[in-house]
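A.B. asks:
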Amino acid sequence: MAVRGRGRPRKVELDLRIIVDAALALTDDEGAAALTVRRLAARLGVDPSALYRHVRDKDELHLALADRLFEEALTGFEPSESWRDTLRDLALRTRDTALRHPGAAVVATYRTTRRPAEMRIVEHILAAFGRAGCSPALAAVLHRVYGDFSLAWAGMDAAFETLDGAARTGDEQAWTRDYPAADPIAFPAIARSVAHMARLDGTTVFLAALETLLDGLAARIAAEAASRRPGAPGAPEDRTRATRPLP
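Per my numbering, the sequence shown starts with residue 37, numbered consecutively.
(1) What residue from 106, 226, 227 and 238 has the CA that sits closest to residue 187's CA?
(2) Rounded to whole angstroms, what is the Cα-Cα separation between residue 144 and residue 231?
(3) Quick one: residues in its chain with C-beta nearer than 6 Å to the C-beta of residue 108, no 5 flanking neighbours on either side, listed in chain order?
(4) Could you tell me whether the stretch 119 to 132 touches the stretch 157 to 176, using the rule of 3 or more Cβ pairs below 8 Å?
(5) Please report whether the beta-carbon of residue 121 lies at a distance below 7 Å from any beta-carbon of chain C.
(6) Do residue 62 and residue 50 count as a contact pair if the criterion is CB distance below 7 Å?
(7) How about the stretch 139 to 158 and the stretch 222 to 242: do they share at least three Cβ pairs that are nearer than 8 Å?
(8) Please classify residue 139 as buried or exposed, where buried requires at least 16 other C-beta atoms within 10 Å of its C-beta.
(9) So residue 256 packs on residue 174, CB below 8 Å; how close in whole Å?
(10) Determine whether the beta carbon atoms of residue 199 and residue 253 lie at a separation below 7 Å.
(11) Hey, would you say residue 211 sits closer than 7 Å to residue 233, going by beta carbons?
(12) Taking residue 258 as the reference, give the member of 208, 170, 218 and 195 with the closest Cα.
(13) By Cβ distance below 8 Å, which residues in the same chain neighbour residue 131 in space, the five residues on each side in sequence not counted?
(14) The alpha helix (DSSP H) spanning residue 179 covers which residue range?
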């Protein structure tokens, strides 16, 4: 594809990776609102029609961009023998990637890409639940619980990073300025906890939420394992006995 401009056209070879990398750079520099086909084509120095040979429409571009973030999150990742360590690492990587690329994350974290990097992450998550002893049915449910939590939190933190500086500062200072000033008679529970609330930051809260989630997942896994033990209420053996006709 020839670059438009004065003088002899310069040939630009496009492929999907070049386009997606440029889209990521554009959102890093100018935010999600800048991600239009026209702006992206201008950044690449090509006519907008050239992009449509590689992506069908803007939605397909968003899906490819989302998978690019998943690919980055997986860079250097190795699953652990511990299912909890594996899921903790993936969640941290997802959030870290979103914070590095907030402009892309706000249009990507709520999508299902059905592309290779996303499928690799789904495979790692389901395999981790398998190592924990989950049945395939429970693993499917817990995968969605865990995955939706991780992506929603990453997207929320990314969206916060896209606010202008004054808005971010105002929200951050609310816990050290506005809440301590609240009327302790009207808000006694706030008054009791406000000093502790003021010491929290986003990463501390995320880690606490993640460990709480992992504890809840562990409880569900343990409950399923207990229900499969012989003699447990609802175990297959009990159901068979209950339906056996009396002599």
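Here a beta-carbon is modelled for each residue, glycine too, at the ideal position from N, C-alpha and C.
C.D. replies: To lay it out plainly:
(1) Counting from one through the sequence shown, the residue named residue 187 turns up at place 151. Out of 106, 226, 227 and 238, 106 has the C-alpha closest to the C-alpha of residue 187.
(2) In the sequence shown, residue 144 corresponds to position 108, counting from 1. In the sequence shown, residue 231 corresponds to position 195, counting from 1. If you draw a straight line from the Cα of residue 144 to the Cα of residue 231, it comes to about 36 Å.
(3) To locate residue 108, count along the sequence shown from 1; it is residue 72. Closer than 6 Å at the Cβ level, and outside the excluded window around residue 108, lie 133.
(4) yes
(5) Absent from the structure is chain C; it holds one protein chain and no more.
(6) Position 14 of the sequence shown, counting from 1, holds the residue named residue 50. Position 26 of the sequence shown, counting from 1, holds the residue named residue 62. Not a contact, by the Cβ cut-off of 7 Å.
(7) no
(8) Here residue 139 is taken as the residue at index 103 of the sequence shown, counted from 1. Buried, by the Cβ-count rule.
(9) Locating residue 256 in the sequence shown gives position 220, counting from the first residue. Locating residue 174 in the sequence shown gives position 138, counting from the first residue. Correct: roughly 7 Å between the Cβ atoms.
(10) Taking the sequence shown and counting its residues from 1, the one referred to as residue 199 is at position 163. Taking the sequence shown and counting its residues from 1, the one referred to as residue 253 is at position 217. Not in contact: residue 199 and residue 253 (Cβ atoms no closer than 7 Å).
(11) Residue 211 sits at position 175 when you count from the first residue of the sequence shown. Residue 233 sits at position 197 when you count from the first residue of the sequence shown. It is a contact, given that the beta carbons lie within the stated cut-off.
(12) Your numbering for residue 258 matches position 222 in the sequence shown. Closest option to residue 258, Cα to Cα, is 170.
(13) Reading the sequence shown from its first residue, position 95 is the one you call residue 131. Contacts found: 186, 189, 190, 193 and 242.
(14) Residue numbering aside, residue 179 sits at position 143 when the sequence shown is read from its first letter. From DSSP, the alpha helix (DSSP H) with residue 179 extends over 172 to 197.
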